[in-house]
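Heads up: the first sequence begins at 20 in this note's numbering, then just goes up one per residue.
From the three backbone atoms N, C-alpha and C, an ideal C-beta is built for every residue, glycine too.
Here's the structure, in structure tokens; my notes come after.
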Amino acid sequence: MALGKFNAKEAEARIYADWEAAGCFKAGANARTDAATYCVMIPPPNVTGVLHMGHAFNNTLQDILTRWHRMRGFDTLWQPGTDHAGIATQMVVERRLAETQQPSRTELGREAFTQKIWEWKAESGGTIRDQLKRLGASCDWSREAFTMSGAPGAPEGEEGNFHDAVIKVFVEMFNQGLIYRGKRLVNWDPHFETAISDLEVENIEVPGHMWHFKYPLAGGETYTYVEKDEDGNVTLEEERDYISIATTRPETMLGDGAVAVNPSDERYTALWENGKRTLCEIPVGPKEHRRLIPIITDEYPDPTFGSGAVKITGAHDFNDYQVAKRGGIPMYNLMDSKANMRADGKPYAEEAAAAQAIANGDVSLPDESVIAAMNLVPDDYRGMSRENARKVVVADITAEGNAVMETVTAKDEDGNDVTETRPYVENKPIMQPFGDRSRVVIEPLLTDQWFVDSAKIVGPALDAVKNGDVKILPESGEKVYFHWLENIEPWCISRQLWWGHQIPVWYGPERNDNGPHDYKSPVAFCGATFQQAAQQAAEYYAGSEQGYEHTFVELKRDEYKADWEARRENKGWPVTPFPENMALDDLAIEFAEDLVDQNRFPKEEAVVLYRDPDVLDTWFSSGLWPIGTLGWPEDTPELQKYLPTSDLITGQDILFFWVARMMMMQLAITDKIPFDTVYLHGLVRDAKGKKMSKSTGNVMDPLDLIEEYGADALRFSSAAMASLGGTLKLDTQRIAGYRNFGTKLWNAASYGEMRGIFDLPHSAEVPDTKHPLNRWIKGELSKTRETVDQALTDYRFNDAASALYAFTWNTFCDWYLEFTKPIFDEGTAEEIEETKATYAWALDQCLILLHPIMPFITEELWQQKQRSKRLIHADWPTYTTDLVDAEADAELNWVIRLIEAIRSARAQMHVPAGAYVPCVVKGFEPRAKAAYERNKALIHRFARLESLTDVDDFPKGTVALAVSGGTFGLPLADVIDVGEEIARLEKTLGKLAKELGGLRGRLKNPKFAESAPAEVVEETKANLRLREEEESKLQEALTRLKEL
RNA sequence: GGGUGAUUAGCUCAGUGGUAGAGCGCUUCGUUCACAUCGAAGAUGUCAGCAGUUCGAAUCUGUUAUCACCCA
């Protein structure tokens, strides 16, 4: 019976199903008693995700390590799961609602919408899991986790407690003062209308413009403006009544709070020295309400850049924000959540007057919330998009003559010089921030957000890596890690989304002991549940009662809205629509009054609390992945057993997003490191090194590749590419090569099957061997086993892959398999038995050692024979290079070298491939002769020798071979082309001479003998002797040839 | 601007002090029973440039150039 062909598609599905049904992936499967544990946490893919090459690569490495440990008897857990991916998922489901003409998110309301997402997850959330299975990932699927499991509204089957963990951590961090809320400048995504973190912003260089405008000085004041060159010579001196500023964002001028210059910039000293306070005019908006702003000094402006003067718009630029904070400059917010120019607030005239009073110093700087409420967008501009506002602002300023002009000379149609004066606008590339999900331009916006005070928890995360408790590979990753953590910024964790863990904070009115509490100044109460928050609230208000007890009522917007009309009808009030856009604090007031109207509580007793509508950044929950998936906050056996986890395999692109945050959060919460080792790999690119992207059309779909080449080939490619710190360029030709490798292995088994090895009973024992060939292959295997184990220990997947590839193909198939042919064909019964047993064993070893990388084809071959265990649970071998038999090793290597030399000479002499030729030897050394006698059959067969004869002198026209153990030659007088052979020998001699020169030169240098280690000197000497011997043989042959 | 890395055969990449390798591609030859998804033989390199350390440098140091990625 022949093995037939390997049908990857059919076999992979069948084998995977069998492994899974038999529970082969379960935590602890195949563990020895008292085994050490080994645990890998999958980097949870987005629940919306589909498998891309990065996943395929990343999960292959995890699977290799997992399978390797499992076979070695470790108590192994590969923990799978998915991430709820707030923005991405909300986006997907919203789009789907639109596509299927269903009510939109806002029409559905929060609760109904999140139900839709859960429904969506039930339907399509398993896509990536099924794709990982196709890859062969041996995760314990029975433990599949989800970062939103157990959240309110989670359906049946999603009852995990990840949500509890997230909420508990928030509450604890809040109580420890590690989380705070504040009005800060954040990256605002106008498409999703949510804040995002620094890391979710991509800065991309795009073509932009730099406009130059004049800000006229107040009251027509003037100063002498002087420009000098490098040598201090005056190049320009003029009297100016304005200060010139440059900007890429003219529309934000409306919110300017000041103009800043560097104190070292002598051009402007006159404007501020001796305590002088100069005001200048923002040259835009209705002329009668022009705002005047102060000229201040700050280190931020660069005197060598442009005019050296910078407008300060604290609410719309991160640098300006810092300057404004330092200088007490008001920050005026100009835009709404869609990044359109604000249309709320009082008429411009009033707002501008109020702002002017602040700039003049007539009033002290008001509270930030008062400033935030002011709308300094002129009435004409209100409601415009930021892009339109920019155009209008530029046009208005230019029309009024406040643009800096330049004079250019150009040729007109007739070739005459025409001089033209036009606004000075530089075209230059600018870095613009884009949302990594929405792809729209991110707007810095002043909003109230929650932050993790990262700086407070960064210490232990830094220490753990510094003191080696956690290792990051490659080492360069540690440097990057340190650099980021040492310059850590607060982490904005609130998102204005609905899909996610809602922040466990409820707001109530500010306590007032002399009247009604103040809903317009909300106070935060943090607790895992409303009851706990209410408990906090009770303590806060305690003592403020005037003889009565507070009752806390939660305002739930959706319910209140649903109730709204009926409520008003019942009361006989006019039925007005629910105020959709009313802020929650105002709604709370409304609700509180409603409660009183319903006579549910006396007015003073009811305190309305409402929950913060925001959800947490997805990475806040993924930061808890290791403990959350193991059952924390409950003290589970899995936590005890598997924490800290062993290896974290992930892309270097999420070192900050995820790895650093897991370190910070877990150390802050549990004081324990999340994992021992982090293995970082790069992005998978195409064959030319380009990022794979849909727009360039170079995306390779791993599922297509699996379809075409099989999962094993794709996996082997991944392993072979995975050098530490290496680049990952994926070439389909290479995958095809590893597919061929699988076929090669299959055929080697097929050969064995033909020779009857599958009829032998299974044995894991290293066979006893007498024959040098069999002794030799045992030694070669032991070397490979050691190399593979060392390589995997060092996370050098490519070394493991290439060692296995070379052994299987070049040693096992090319030589061992070939050499067994003469034995099987004409050996003694004893030799045949021994060789069958050795072949069977050696093939098994190939299957075992290759299994972590190529699980499917190896399992399929393994099961061709009756076995007590599946290959996935086979025992990983432990034999060592003690199996190397020096004599057999030397003998086989000599045989191989002899065959190679003869083949090479034959090919170059154009001896027909099929022809058998005679061979002669002079001075045949006894050891070599004995080796020859023992291996005569195979030497003759593979070198195609007709005979080997001892001679005293070579016949004329003999081609000399450079082999040790005697002087070998092929008497080929009749076929030899003398000229060609002379050329061949001279070329070889030329190479030798070069090598000899190097060797002699080194040995002649006395310092070499002095400084180099003895073994290196010995090696060099031995090498020289060998080369000299070779040279003399060839030289002699050459002389004789020339005599012809 | 700051950081991290890269530059080795035609291509894609290994190679962290002892004189350079793999796969693919290329050339020549080969259908006798493991395999044409194959076999045999072969060609191909100032290891980016310069300077240094060393008996010895692709490898360590400095520097220049070019490229990539990350952060501003």
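Residue i to residue j span [Cα, whole Å]
i	j	result
L481	F501	7 Å
V626	F597	22 Å
G274	G100	47 Å
A905	V785	18 Å
T146	E178	20 Å
A328	D381	25 Å
A237	A474	44 Å
Q341	G333	7 Å
D750	T968	51 Å
C938	I796	28 Å
A1002	E879	52 Å
E163	W583	42 Å
F453	T95	42 Å
E439	A414	18 Å
A422	I315	22 Å
D208	T133	21 Å
W139	A32	26 Å
E369	C545	39 Å
G325	A358	28 Å
G701	N281	42 Å
P64	M360	38 Å
Test item: CB-CB of residue i and residue j under 9 Å
i	j	result
L743	Y814	yes
I106	T213	yes
I186	I512	no
R514	L658	no
A378	R310	yes
K580	G294	no
Y57	T79	no
Q150	P721	yes
P302	D399	no
D633	L516	yes
P990	T1007	no
Y637	K202	Looking at the sequence shown, residue 637 is not Tyr but Thr. Not a contact, by the Cβ cut-off of 9 Å.
D183	P652	yes
N-terminal and C-terminal residue of the beta strand (DSSP E) that residue i is part of
i	result
A979	T977 to L980
S540	D537 to C545
Q98	D94 to Q98
L328	According to the sequence as given, residue 328 is Ala; it is not Leu. Run containing A328: A328 to I331, per the beta strand (DSSP E) assignment.
L967	L964 to D969
Counted within 10 angstroms of its Cβ, other Cβ atoms place residue i as buried (16 or more) or exposed
i	result
L683	Checking the sequence, you will find Met at residue 683 rather than Leu. It is buried - the Cβ of M683 has at least 16 other Cβ atoms within 10 Å.
R458	exposed
G534	exposed
M20	Interpretation of M20 is limited by its pLDDT of 40, a score under 50 that renders its predicted location unreliable; the figure taken from the coordinates is listed afterwards. Looking at its Cβ environment, which holds fewer than 16 other Cβ atoms inside 10 Å, M20 is exposed.
F337	exposed
I34	buried
S283	exposed
A1056	buried
Element boundaries [alpha helix (DSSP H), containing residue i]
i	result
V718	Premise fails: V718 is in no alpha helix (DSSP H) and is neither H nor E.
Q451	That residue, Q451, is in no alpha helix (DSSP H); its beta strand (DSSP E) goes V444 to G454.
T316	Not the alpha helix (DSSP H): T316 falls in the beta strand (DSSP E), residues L311 to T316.
Contact test: residue i Cβ vs the ligand HEM heavy atom, cutoff 8 Å
i	result
R296	What this structure holds is no ligand at all, so the ligand HEM is not there to describe.
- Quick one: which unbroken alpha helix (DSSP H) runs of 4-plus residues sit fully inside the segment 159 to 246? Chain order, please. Entirely contained in the segment 159 to 246, the alpha helix (DSSP H) runs reaching 4 residues are, in chain order, 181 to 194.
- Uninterrupted beta strand (DSSP E) stretches inside the segment 589 to 629 (no shorter than 3 residues): As far as the segment 589 to 629 is concerned, it has no whole beta strand (DSSP E) run of at least 3 residues.
- Tell me the start and end of each unbroken alpha helix (DSSP H) in the segment 652 to 716 that is at least 4 residues and wholly inside, in chain order. 656 to 661 and 680 to 689
- At what residue ranges does the segment 449 to 500 contain a whole run of the alpha helix (DSSP H), taking only runs of 4 or more? 473 to 485
- Segments of 3+ residues assigned as beta strand (DSSP E) that fall wholly inside the segment 550 to 590: You should have 570 to 574.
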